[in-house]
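S.K.: Before we start, here is the structure in question, set down as structure tokens.
Chains as they are written, first to last, in this note's numbering: chain W, 17 to 165; chain S, 17 to 165; chain U, 17 to 165; chain B, 17 to 165.
In structure tokens:
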């Protein structure tokens with residue numbers, strides 16, 4: 017495929033995923049940019065997302081990063097499943113913060129992949145760092161654009 | 017403190033946390049058992065918690081485990097903050113599943129702590145394994161029961 | 017295969033690995049017990065294994081655990097490669113300590129596996145906790161005992 | 017301290033550590049560059065470092081990265097101890113390979129720190145990725161240059 021066909025396919029895959037991803041919708045996730053093996057997404061934190069200390073629950077930053085990971089590691093139209101993920105919490109997140117998660121591909125193997133996701137706030141401060149290892153199945157997510165003619 | 021005073025304090029701390037933890041409330045988390053350095057909690061998965069593949073979003077199992085981690089590592093009434101957490105996904109989770117997260121203390125240090133959280137479904141199958149490292153501040157969460165007289 | 021044939025194969029695989037594993041030999045690793053998906057091994061720490069603080073280098077406990085991981089995850093005679101491993105350091109290790117690493121199987125999947133390894137000293141104190149995720153190839157390590165007749 | 021005083025101190029701390037670090041010496045580690053919160057080191061892999069598959073033992077890449085981590089996180093002359101570290105193995109390492117580990121600081125907190133270490137071979141291919149979280153004590157490693165006058 018050409019670069020633009022690859023990018024078109026990556027966007028089509030993520031649009032398909034996002035349409036069915038009810039939890040990412042609940043989070044309020046919006047797509048900023050999708051490229052093969054890459055994603056950049058954002059969300060704004062709401063009051064119902066806080067934990068028992070009045071700051072944002074760790075599960076929110078994780079969930080945003082996990083969506084960015086899924087959008088990056090699946091978007092070559094090869095279904096990939098998360099095996100092992102980790103997140104380091106660096107700064108507290110507050111209600112009203114706008115979080116951006118940017119996923120970059122460290123390794124794109126035949127059977128596995130490795131991604132780093134940086135989560136930053138509206139002040140461009142990194143609030144958390146996520147690492148994800150995935151296993152690649154041989155299944156496709158959407159019909160294959162490259163054989164469409 | 018006596019064992020029963022320690023257990024009473026652990027429960028008081030978690031009740032205090034849970035009352036303010038709006039995201040754990042949204043998840044539908046219920047407390048099963050709290051002991052010093054230990055927690056067992058549950059939730060039932062709802063349709064709005066799925067991802068783009070129609071199975072439950074990884075952020076849901078993480079969030080449940082992260083709440084169990086927080087309830088275990090803070091319940092000696094010492095505010096503890098998550099530093100590094102990881103989760104391995106073992107089996108898919110489906111809408112309607114009842115998930116139980118059980119947190120056990122691997123290390124209770126003066127400045128740091130380490131916890132394992134097992135997440136299982138209603139068939140007693142482990143669906144995910146969570147590991148959490150926390151840093152202990154010197155702050156208390158609630159008034160100190162042991163000095164109440 | 018019968019249980020005893022499985023155990024015989026597990027031991028044969030590990031003996032084969034250990035014979036070629038020059039670094040485990042340098043570490044002074046000895047096998048205590050091997051079962052399918054399980055290993056228990058030990059070593060004694062020598063002066064040349066210390067770090068710049070005069071305690072034992074983190075790489076030593078990691079290496080011992082990584083060998084235990086390899087001996088557990090490969091011993092069903094399916095070549096498995098480490099993808100993502102982590103280790104938490106809990107107590108310092110000193111020259112002369114006898115370390116035991118015990119690997120238990122959390123998940124034995126067709127394509128991947130997950131193992132926990134506990135590293136303890138001669139006082140039965142846990143000094144480190146290791147977690148390993150592996151990818152399973154379809155290759156065998158040694159000839160297949162089960163078809164020998 | 018001025019930038020050059022900071023750099024001088026960082027180098028003095030690492031020289032002090034390296035002089036006592038017998039395992040890093042056994043590995044054949046050489047310092048390439050040290051700056052505050054940063055280190056770049058190298059080593060050449062020898063035959064006694066292989067595992068049971070004839071490739072280099074995972075503990076070797078880990079140990080190199082762990083030394084780079086220690087040299088980066090301690091070199092502001094504040095003793096810091098490793099809490100949680102993880103390593104992803106991306107490509108096999110072979111005898112004779114020259115490995116370079118470069119540690120960069122993601123977070124330099126008062127009580128904790130977070131570092132990424134990239135391990136690459138002589139072909140500039142990344143062979144492994146290491147992540148390290150440390151806890152900072154209040155102790156100094158060497159006498160304080162800044163108060164020397």
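Even for Gly, the Cβ is constructed at its ideal location relative to N, Cα and C.
Tell me, please, whether the region 96–104 of chain B touches the region 142–150 of chain B by the rule of three or more beta-carbon pairs shorter than 8 Å.
M.R.: Flag = yes, the region 96–104 of chain B and the region 142–150 of chain B touch.
S.K.: Below 9 Å between beta carbons is the criterion; list the residues of the region 78–102 of chain S that meet it against any residue of chain W, in chain order.
M.R.: The residues in question are 78, 79, 80, 81, 82, 83, 85, 86, 87, 90, 95, 97, 98, 99, 100, 101 and 102.
S.K.: By Cβ distance below 8 Å, which residues in the same chain neighbour residue 19 of chain S in space, the five residues on each side in sequence not counted?
M.R.: Residue numbering aside, residue 19 of chain S sits at position 3 when the second chain is read from its first letter. Excluding sequence neighbours, residue 19 of chain S sits near nothing in its chain.
S.K.: Listing by chain order, which chain S residues have their CB less than 9 Å from the CB of residue 149 of chain B?
M.R.: Along the fourth chain, one-based indexing puts residue 149 of chain B at 133. Correct list: 99, 100 and 149.
S.K.: Using a cut-off of 8 Å between C-beta atoms, extract the partners of residue 104 of chain W located in chain B.
M.R.: Start at 1 with the first residue of the first chain, and residue 104 of chain W comes out as number 88. 122, 123, 130, 147 and 149, listed in chain order.
S.K.: Suppose only complete runs of 3+ residues qualify. What are the beta strand (DSSP E) ranges in the region 18–59 of chain B, listed by chain order?
M.R.: The region 18–59 of chain B contains these whole beta strand (DSSP E) runs: 46–51.
S.K.: Using a Cβ-Cβ distance under 8 Å, would residue 159 of chain S count as near chain W?
M.R.: Residue numbering aside, residue 159 of chain S sits at position 143 when the second chain is read from its first letter. Not an interface residue.
S.K.: List the residues of chain C whose Cβ lies closer than 7 Å to the Cβ of residue 20 of chain W, in chain order.
M.R.: Here chain C cannot be found, since the structure's protein chains are W, S, U and B.
S.K.: For residue 1 of chain U, write down the residues that DSSP places opposite it in a beta bridge.
M.R.: Within the shown structure, residues of chain U are numbered from 17 to 165, placing residue 1 of chain U beyond reach of any answer.
S.K.: Would you decide whether residue 128 of chain W is buried or exposed? Buried here means 16 or more other CB atoms lie within 10 Å of its CB.
M.R.: Counting from 1 along the first chain, the entry for residue 128 of chain W is found at position 112. Buried is the call here.
S.K.: Which residue spans inside the region 69–116 of chain S form an unbroken beta strand (DSSP E) run of at least 3?
M.R.: Entirely contained in the region 69–116 of chain S, the beta strand (DSSP E) runs reaching 3 residues are, in chain order, 96–105.
S.K.: What does the alpha-carbon distance come out to for the pair residue 17 of chain S and residue 25 of chain S?
M.R.: Here residue 17 of chain S is taken as the residue at index 1 of the second chain, counted from 1. Here residue 25 of chain S is taken as the residue at index 9 of the second chain, counted from 1. Distance between the alpha carbons of residue 17 of chain S and residue 25 of chain S: 10 Å.
S.K.: Using a Cβ-Cβ cut-off of 8 Å, state whether residue 113 of chain B counts as contacting chain U.
M.R.: Walking along the fourth chain from the start, residue 113 of chain B turns up at place 97. Judged by the 8 Å Cβ criterion, residue 113 of chain B is not in contact with chain U.
S.K.: Could you check which residue in U:65, U:40, U:141 and U:72 has the C-alpha nearest to that of residue 57 of chain U?
M.R.: As a working mapping, residue 57 of chain U is identified with position 41 in the third chain. Ranking U:65, U:40, U:141 and U:72 by Cα distance to residue 57 of chain U puts U:40 first.
S.K.: Per DSSP, which residues does residue 145 of chain S bridge with? Please list them.
M.R.: One-based indexing of the second chain puts residue 145 of chain S at position 129. In DSSP, residue 145 of chain S forms a bridge with S:104 and S:134.
S.K.: Use the C-beta contact count for residue 114 of chain B: other C-beta atoms within 10 angstroms, 16 or more gives buried, fewer gives exposed.
M.R.: Position 98 of the fourth chain, counted from the first residue, corresponds to residue 114 of chain B. The residue is exposed, with fewer than 16 neighbouring Cβ atoms inside 10 Å.
S.K.: Against chain U, with Cβ distances strictly below 8 Å, would residue 66 of chain B count as a contact?
M.R.: Residue numbering aside, residue 66 of chain B sits at position 50 when the fourth chain is read from its first letter. It does: the Cβ of residue 66 of chain B has a partner Cβ on chain U nearer than 8 Å.
S.K.: What separation, rounded to the nearest whole angstrom, lies between the Cα atoms of residue 5 of chain U and residue 23 of chain B?
M.R.: An answer regarding residue 5 of chain U cannot be provided, because it is not within the stretch 17 to 165 covered by chain U.
S.K.: So, are the CB atoms of residue 48 of chain W and residue 27 of chain W less than 8 Å apart?
M.R.: Indexing the first chain from 1 puts residue 48 of chain W at position 32. Indexing the first chain from 1 puts residue 27 of chain W at position 11. Not in contact: residue 48 of chain W and residue 27 of chain W (Cβ atoms no closer than 8 Å).
S.K.: Flag this pair as yes or no: are the beta carbons of residue 152 of chain B and residue 111 of chain B separated by less than 8 Å?
M.R.: Taking the fourth chain and counting its residues from 1, one reaches residue 152 of chain B at position 136. Taking the fourth chain and counting its residues from 1, one reaches residue 111 of chain B at position 95. Their beta carbons are not under 8 Å apart, which means residue 152 of chain B does not touch residue 111 of chain B by this criterion.
S.K.: Tell me which residues share the same chain as residue 155 of chain W and place their Cβ nearer than 8 Å to its Cβ, disregarding the 5 neighbours each side in the sequence.
M.R.: Start at 1 with the first residue of the first chain, and residue 155 of chain W comes out as number 139. Counting only Cβ-Cβ distances below 8 Å, and skipping sequence neighbours, we find 94 and 95.
S.K.: For chain W, is any of its Cβ atoms less than 8 Å away from the one on residue 52 of chain S?
M.R.: Taking the first residue of the second chain as position 1, residue 52 of chain S is located at position 36. Not one chain W Cβ lies under 8 Å of residue 52 of chain S.
S.K.: Opposite residue 123 of chain W in the DSSP bridges: which residues?
M.R.: To locate residue 123 of chain W, count along the first chain from 1; it is residue 107. In DSSP, residue 123 of chain W forms a bridge with W:130.
S.K.: Run down chain U in chain order and give the residues with a C-beta less than 7 Å from the C-beta of residue 75 of chain B.
M.R.: For the purposes of this step, residue 75 of chain B is taken as residue 59 along the fourth chain, with counting starting at 1. Simply 39, 75, 78, 79 and 82.
S.K.: In this structure, what does DSSP give as the bridge partners for residue 118 of chain U?
M.R.: If you number the third chain from 1, residue 118 of chain U lands on position 102. U:56 and U:134.
S.K.: Nearest by alpha-carbon distance to residue 196 of chain B: which of B:118, B:90, B:71 and B:76 is it?
M.R.: This structure cannot speak to residue 196 of chain B, because chain B is shown only from 17 to 165.
S.K.: Say whether chain B places a C-beta atom closer than 8 Å to the C-beta of residue 34 of chain U.
M.R.: The residue you call residue 34 of chain U lines up with position 18 of the third chain. With 8 Å as the cut-off, residue 34 of chain U counts as an interface residue toward chain B.
S.K.: Should residue 33 of chain W and residue 85 of chain W be called a contact, given that it needs their Cβ atoms to be closer than 8 Å?
M.R.: Within the first chain, numbered from 1, the residue matching residue 33 of chain W stands at position 17. Within the first chain, numbered from 1, the residue matching residue 85 of chain W stands at position 69. Not in contact: residue 33 of chain W and residue 85 of chain W (Cβ atoms no closer than 8 Å).
S.K.: Beta-carbon within less than 8 Å of residue 142 of chain S's beta-carbon, same chain only, minus the 5 sequence neighbours each way: which residues are those?
M.R.: Walking along the second chain from the start, residue 142 of chain S turns up at place 126. Answer for residue 142 of chain S: 106, 107, 134, 135 and 136, listed in chain order.
S.K.: Verify whether the separation of the beta carbon atoms of residue 130 of chain U and residue 79 of chain U is less than 8 Å.
M.R.: Counting from 1 along the third chain, the entry for residue 130 of chain U is found at position 114. Counting from 1 along the third chain, the entry for residue 79 of chain U is found at position 63. In this structure, residue 79 of chain U does not lie closer than 8 Å to residue 130 of chain U by Cβ.
S.K.: Any Cβ of chain S within less than 8 Å of the Cβ of residue 70 of chain W?
M.R.: As a first step, residue 70 of chain W must be located in the first chain, where it is residue number 54. Yes - at least one Cβ of chain S is within 8 Å of the one on residue 70 of chain W.
S.K.: Find the nearest neighbour of residue 53 of chain B within the set B:92, B:138 and B:83, judged by alpha-carbon distance.
M.R.: Here residue 53 of chain B refers to the residue found at position 37 when the fourth chain is read from its first residue. Nearest of B:92, B:138 and B:83 to residue 53 of chain B, Cα basis: B:92.
S.K.: Would you report the Cα separation of residue 60 of chain U and residue 74 of chain B, rounded to the nearest angstrom?
M.R.: Position 44 of the third chain, counted from the first residue, corresponds to residue 60 of chain U. Position 58 of the fourth chain, counted from the first residue, corresponds to residue 74 of chain B. Rounded to the nearest angstrom, the two C-alpha atoms are 19 Å apart.
S.K.: Considering only the alpha carbon of each residue, which of U:38, U:68, U:140 and U:119 lies closest to residue 158 of chain B?
M.R.: Here residue 158 of chain B refers to the residue found at position 142 when the fourth chain is read from its first residue. Here the closest residue by C-alpha is U:68.
S.K.: Which residue wins for smallest C-alpha separation from residue 71 of chain S, given the options W:37, W:116, W:82 and W:70?
M.R.: Start at 1 with the first residue of the second chain, and residue 71 of chain S comes out as number 55. Nearest C-alpha to residue 71 of chain S: W:37.
S.K.: Quick check: the Cα distance between residue 120 of chain W and residue 132 of chain U, rounded to an integer number of angstroms?
M.R.: What you label residue 120 of chain W is simply residue 104 of the first chain in a count that begins at 1. What you label residue 132 of chain U is simply residue 116 of the third chain in a count that begins at 1. Straight-line Cα distance between these residues: approximately 29 Å.
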